[in-house]
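**Student:** Residue numbers (this note's numbering): 104 to 195.
All C-beta atoms in this analysis are idealised placements derived from N, C-alpha and C, irrespective of residue type, glycine included.
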Amino acid sequence: MKDFKENVTSDAFWLKTLYIVGFFIVYRVLDVLLLLITLVQWVFRLVSGEPNASLTEFGQALGEYVKQIIHYLSGASDEKPFPFQDWPDSKN
């Protein structure tokens, strides 16, 4: 029971909790952004027959960012995603 009491009174625990809540909100906003990107890419394919290259590159980087957020939220990584580190490279 001592660990529980230490966690509850630990500033680091509550700060991490705030980061988790914040990144979960960012994750949900990115869900809507992905829907918008999908719709815009669909229009580009309809009009030109191929996807927009810039939007494709951004989508790849966004996917890497979402992956970083999921790793942080699930505890697989303690590294906080952007803006605490550089925006992910779309070439991964």
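Among Pro-186, Lys-170 and Phe-187, which residue has its Cα nearest to the Cα of Ala-179?
**Tutor:** In the sequence shown, counting from the first residue as 1, residue 179 sits at position 76. Selected option, being the one with the closest Cα: Lys-170.
**Student:** Could you please give the first and the last residue of the uninterrupted alpha helix (DSSP H) stretch that includes Lys-170?
**Tutor:** Mapped onto the sequence shown, residue 170 falls at position 67. Lys-170 -> alpha helix (DSSP H) spans 156-177.
**Student:** Once DSSP output is grouped into helix, strand and coil, what is the label at Ser-151?
**Tutor:** In the sequence shown, residue 151 corresponds to position 48, counting from 1. In this structure, Ser-151 counts as helix in the three-state DSSP scheme.
**Student:** How many whole angstroms separate the CB atoms of Asp-134 and Ala-164, which I take to be in contact at a CB cut-off of 8 Å?
**Tutor:** Here the question's residue 134 lines up with position 31 in the sequence shown. Here the question's residue 164 lines up with position 61 in the sequence shown. Not confirmed; about 16 Å, so no contact.
**Student:** May I ask you to report which of helix, strand or coil DSSP gives Asp-181?
**Tutor:** Numbered from 1 along the sequence shown, position 78 holds the residue referred to as residue 181. If DSSP states are grouped into helix, strand and coil, Asp-181 belongs with coil.
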